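The structure under discussion appears below in the form of structure tokens.
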Amino acid sequence: MAQEPDDRVICVIGAGYVGLVTAAGLAELGREVRVVEIDPERRAAVSAGLTPIYEPGLDVMLEAVVASGRLRAVEAMDEGVTGAGIVIVAVGTPPTRDGEADLTQVREAVDEAVRHAAPGTVIAIKSTVPPGTTRALQRGSSRDDLAFVMFPEFLREGSALEDLRRPSRVVVGGEDAAAVSRVAALLGGPDTTRLLCDSVSAELIKYGSNAFLATKISFINEMAQLCELTGADIEEVSDGMGLDPRIGRSFLSAGLGWGGSCFPKDVRALETSAGYHGQSFWLLKAAIEVNTQQRRRFTAKLVHGLGGSLEGRRVAILGLAFKPFTDDMRQAPAVEVVRQLEDLGAEIVATDPVAIDRARPLLPRTSLVADPYEALTGADAVGIVTDWPEYRDLDWGRALGLMKGRLVVDGRNYLDGEVIAGHGGIYLSMGRRPRGPGAPLPGAAAEAGSRAVPSVPLG
Ligand SMILES: NC(=O)c1ccc[n+]([C@@H]2O[C@H](COP(=O)([O-])OP(=O)(O)OC[C@H]3O[C@@H](n4cnc5c(N)ncnc54)[C@H](O)[C@@H]3O)[C@@H](O)[C@H]2O)c1
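Counted the way this note's numbering counts, the sequence shown spans residues 6 to 464.
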């Protein structure tokens, strides 16, 4: 006889970036949380109160909730689900070759969970899934005594705990109003905006949010290219545009483009989903293309800055993770640019404060070192790929002194170009004015950076 479901007990399926942060956060708020995880290493780490992923503050939080007994990692689904009022599904939805969201993990997790769930349990889908998935899962479950809701996640890796404690909004979509309210009560405080809707709208709120932000980045990257062609400076343009409250300054920073575990797969999945319904989502196709070109523009700046060839040249790469404060290497721009540079004959020495272990299997030809000064020693040029504060705060006089060449290509528009130029470096970026002795004149920078993009295979 199944135990009565109780909302004080929560089961989270999947101890990844989303599942683990959600589980630890709910346990901190006083719920009894069981995390079902199939990966034995991840499970063992969580059981020992150790986080298997890097996320600032998660180690301290997890240690406390595991020690208090409020969070437990389990292997068996029945142990996780039995007695839980709400089952949160936070497994991966990686892209298929065709760009669709692969729902295999979600289907397997849901199939197993519904076998053990008592009547009245709510199955909350936190994985990012295409429109219509939550309804299809409910219909396919052959259980009309369970409620299915879509409970999209908006956390940002690197500041996930802050986002969990003070969410920008809590969105829950479903056809059973009582189930939607139960899930909406899980997170956020009295001031949190809660948007309750149908499950398809909730699915599209998640995809639409990521696709919109990615498109905003691609737009400003196109503007950065035009700044190079006309002699304007993208920082001034972004600041000026961002002062309009209807536009806002966030996600108007030009650079290497978007990457990570969500934007690339979600933009493609939304575009593919639209295609499935007979719609060509042209804007997203363009945003994807601009993003691909942006990596090549960065590579081209290094090629041209080093006189047209990378053969036998040594290039230091600072930063590998797709953004600072995470070790996540999924769809990190670093992987594409390092492979392009290597294919063009460069020897790459790369560094990152936390992502080296995850980068190693992806970059087998690359020397990976922990110390940025070691990476810079003897380099003909350096490329900034992740905007980690420690790279801005390097002693750039020392860094340039260790290098063989003087070229600094800032793929994140993050360093102070005047500081680099003050130490005799040549500073190129993604749409800022070039700085330093021998730097190309405005307009000419465009030629070096944007037109003659080498055609290299993207791995
Ligand atoms: N990472 C983010 O910043 C983020 C933000 C918002 C939404 N999302 C979405 O959340 C979902 C999860 O993302 P993630 O980054 O946490 O993924 P992840 O790959 O880091 O974690 C998924 C975890 O689920 C486990 N798992 C898979 N199948 C299982 C099963 N049947 N039983 C138990 N455990 C199982 C895996 O072993 C893995 O540990 C995805 O749909 C993603 O798009 C991610």
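Positions of the beta carbon are idealized from the N, C-alpha and C atoms, including for glycine.
As the structure is a computational prediction, the values presented were derived from the model and not from experiment.
| message | Am I right that residue 426 and residue 403 are in contact with their C-beta atoms under 8 Å? What's the rounded C-beta distance? | response | Numbered from 1 along the sequence shown, position 421 holds the residue referred to as residue 426. Numbered from 1 along the sequence shown, position 398 holds the residue referred to as residue 403. In fact, because the Cβ distance is near 16 Å, the residues do not count as touching under 8 Å.
| request: Verify the contact flag: residue 470, CB atom, against every heavy atom of ligand 1, threshold strictly below 6 Å. | output: Nothing about residue 470 can be read from this structure; the chain reaches only from 6 to 464.
| So is the beta-carbon of residue 98 under 6 Å away from any non-hydrogen atom of ligand 1? | Position 93 of the sequence shown, counted from the start, is the residue given in the question as residue 98. Within the cutoff, so yes.
| query | What does a CB cutoff of less than 8 Å around residue 244 pick up in its chain, not counting 5 residues either side in sequence? | reply | Reading the sequence shown from its first residue, position 239 is the one you call residue 244. Contacts found: 254.
| said: Quick test of the definition: if touching needs 3 or more C-beta pairs under 8 Å, does the region 188-198 touch the region 130-140? | reply: no
| field | Segment contact flag, the region 367-380 with the region 61-76, C-beta cutoff 8 Å, min 3 pairs | value | no
| What are the partner residues of residue 76, as DSSP defines its beta bridges? | Within the sequence shown, numbered from 1, the residue matching residue 76 stands at position 71. Answer is 38, bridged to residue 76.
| query | To the nearest whole angstrom, what separates the beta carbons of residue 113 and residue 22, a pair I think is in contact under 8 Å? | reply | Working through the sequence shown from its first residue, we reach residue 113 at position 108. Working through the sequence shown from its first residue, we reach residue 22 at position 17. Incorrect: roughly 19 Å between the Cβ atoms, too far for contact.
| query | Can residue 310 and residue 435 be called in contact, C-beta distance under 7 Å? | reply | Here the question's residue 310 lines up with position 305 in the sequence shown. Here the question's residue 435 lines up with position 430 in the sequence shown. Contact flag unset, no.
| query | Short check: CB of residue 136 to CB of residue 211, under 7 Å? | reply | Taking the first residue of the sequence shown as 1, we reach residue 136 at position 131. Taking the first residue of the sequence shown as 1, we reach residue 211 at position 206. Their beta carbons are not under 7 Å apart, which means residue 136 does not touch residue 211 by this criterion.
| query | DSSP state of residue 156, grouped into three classes? | reply | If you number the sequence shown from 1, residue 156 lands on position 151. Of the three classes helix, strand and coil, the one that applies to residue 156 here is coil, per DSSP.
| query | Should residue 43 be listed as close to ligand 1, given that the test is whether its C-beta is under 6 Å from any heavy atom? | reply | For the purposes of this step, residue 43 is taken as the residue at position 38 of the sequence shown. For ligand 1, at least one heavy atom lies less than 6 Å from the Cβ of residue 43.
| Stretch-stretch touch, CB-based, cutoff 8 Å, three pairs: the region 380-394 with the region 317-328 | yes
| query | Given 8 Å as the limit, is there contact between the region 303-318 and the region 272-289, that is, 3 or more CB pairs closer than that? | reply | When C-beta atoms of the region 303-318 are compared with those of the region 272-289, fewer than three pairs fall below 8 Å, so the two segments do not count as touching.
| message | Please identify the residue among 219, 286, 182, 302 whose C-alpha is closest to the C-alpha of residue 204. | response | As a first step, residue 204 is located in the sequence shown; it is residue number 199 there, counting from the start. Residue 204 has its Cα closest to that of 182, out of 219, 286, 182, 302.
| Counted within 10 angstroms of its Cβ, other Cβ atoms place residue 401 as buried (16 or more) or exposed | By 1-based counting over the sequence shown, the position of residue 401 is 396. Buried: at least 16 other Cβ atoms inside 10 Å.
| task | Starting from the C-beta of residue 19, find all residues in its chain whose C-beta is less than 6 Å away, skip the five residues before and the five after it, and write them out in chain order. | result | If you number the sequence shown from 1, residue 19 lands on position 14. Excluding five sequence positions before and after residue 19, the CB atoms of its chain that fall closer than 6 Å to its own CB belong to 95, 96, given in chain order.
| Quick one: is residue 53 buried, meaning 16 or more other Cβ sit within 10 Å of its Cβ, or exposed? | The residue given as residue 53 occupies position 48 in the sequence shown. Classification for residue 53: exposed.
| query | CB-CB under 6 Å to residue 363, same chain, minus the five flanking residues each way: which ones, in chain order? | reply | Taking the first residue of the sequence shown as position 1, residue 363 is located at position 358. So the list reads 332, 334, once near-sequence residues are dropped.
| query | In three-state terms, what does DSSP make of residue 232? | reply | Position 227 of the sequence shown, counted from the start, is the residue given in the question as residue 232. The answer is helix: DSSP assigns residue 232 an H, G or I state.
| query | By the 10 Å Cβ neighbour count, where 16 or more other Cβ atoms means buried, how is residue 8 classified, buried or exposed? | reply | Within the sequence shown, residue 8 is the residue found at index 3, counting from 1. With fewer than 16 Cβ atoms within 10 Å of its Cβ, residue 8 is classed as exposed.
| residue 27 burial status per 10 Å Cβ neighbour count (16 or more: buried) | Working through the sequence shown from its first residue, we reach residue 27 at position 22. Label assigned to residue 27: buried.
| task | In angstroms with no decimal places, state the Cα-to-Cα distance between residue 35 and residue 45. | result | Translated into the one-based positions of the sequence shown, residue 35 becomes position 30. Translated into the one-based positions of the sequence shown, residue 45 becomes position 40. Those two C-alpha atoms are separated by around 26 Å.
| message | On the criterion of 16 or more Cβ atoms from any shown chain inside 10 Å, does residue 248 qualify as buried, or is it exposed? | response | Here residue 248 refers to the residue found at position 243 of the sequence shown. Residue 248 sits exposed, since fewer than 16 C-beta atoms from the chains shown fall within 10 Å of its C-beta.
| query | Helix, strand or coil for residue 262 per DSSP? | reply | Locating residue 262 in the sequence shown gives position 257, where the first residue counts as 1. Note: residue 262 maps to coil in three-state DSSP.
| request: In the DSSP assignment, find the beta strand (DSSP E) that holds residue 356 and state where it starts and stops. | output: Numbered from its first residue, the sequence shown carries residue 356 at position 351. Note, residue 356: beta strand (DSSP E), 352-356.
| Taking all protein chains shown into account, do 16 or more other C-beta atoms lie within 10 angstroms of the C-beta of residue 328, making it buried, or fewer, making it exposed? | To locate residue 328, count along the sequence shown from 1; it is residue 323. The residue in question, residue 328, is buried, as its Cβ has 16 or more Cβ neighbours within 10 Å.
| query | Taking DSSP as the reference, what is the three-state secondary structure of residue 255? | reply | By 1-based counting over the sequence shown, the position of residue 255 is 250. If DSSP states are grouped into helix, strand and coil, residue 255 belongs with coil.
| message | Is residue 80 close to ligand 1? I mean its beta-carbon at under 6 Å from any heavy atom of the ligand. | response | Numbered from its first residue, the sequence shown carries residue 80 at position 75. Incorrect: residue 80 has no Cβ contact closer than 6 Å to ligand 1.
| query | Which parts of the region 317-357 are runs of the beta strand (DSSP E), unbroken and 3 residues or longer, counting only runs that do not cross its ends? | reply | 319-323, 352-356
| query | Which class does residue 273 belong to by DSSP, given the choice of helix, strand or coil? | reply | Here the question's residue 273 lines up with position 268 in the sequence shown. It is helical.
| query | When we look at the beta-carbon of residue 287 and count the other beta-carbons within 10 Å, is it buried (16 or more) or exposed? | reply | Taking the first residue of the sequence shown as 1, we reach residue 287 at position 282. Taking every protein chain shown into account, the CB of residue 287 has fewer than 16 other CB atoms within 10 angstroms, so this residue is exposed.
| message | Is residue 16 a contact residue of ligand 1, with contact defined as CB to any heavy atom under 6 Å? | response | For the purposes of this step, residue 16 is identified with residue 11 of the sequence shown, where counting begins at 1. Residue 16 Cβ: outside cutoff for every heavy atom of ligand 1.
| How many angstroms separate the CA atom of residue 124 from the CA atom of residue 110? | Counted from its first residue, the sequence shown places residue 124 at position 119. Counted from its first residue, the sequence shown places residue 110 at position 105. Roughly 23 Å between the two C-alpha positions.
| said: Please report the distance separating the alpha-carbon of residue 398 from that of residue 290. | reply: Position 393 of the sequence shown, counted from the first residue, corresponds to residue 398. Position 285 of the sequence shown, counted from the first residue, corresponds to residue 290. One C-alpha to the other measures close to 37 Å.
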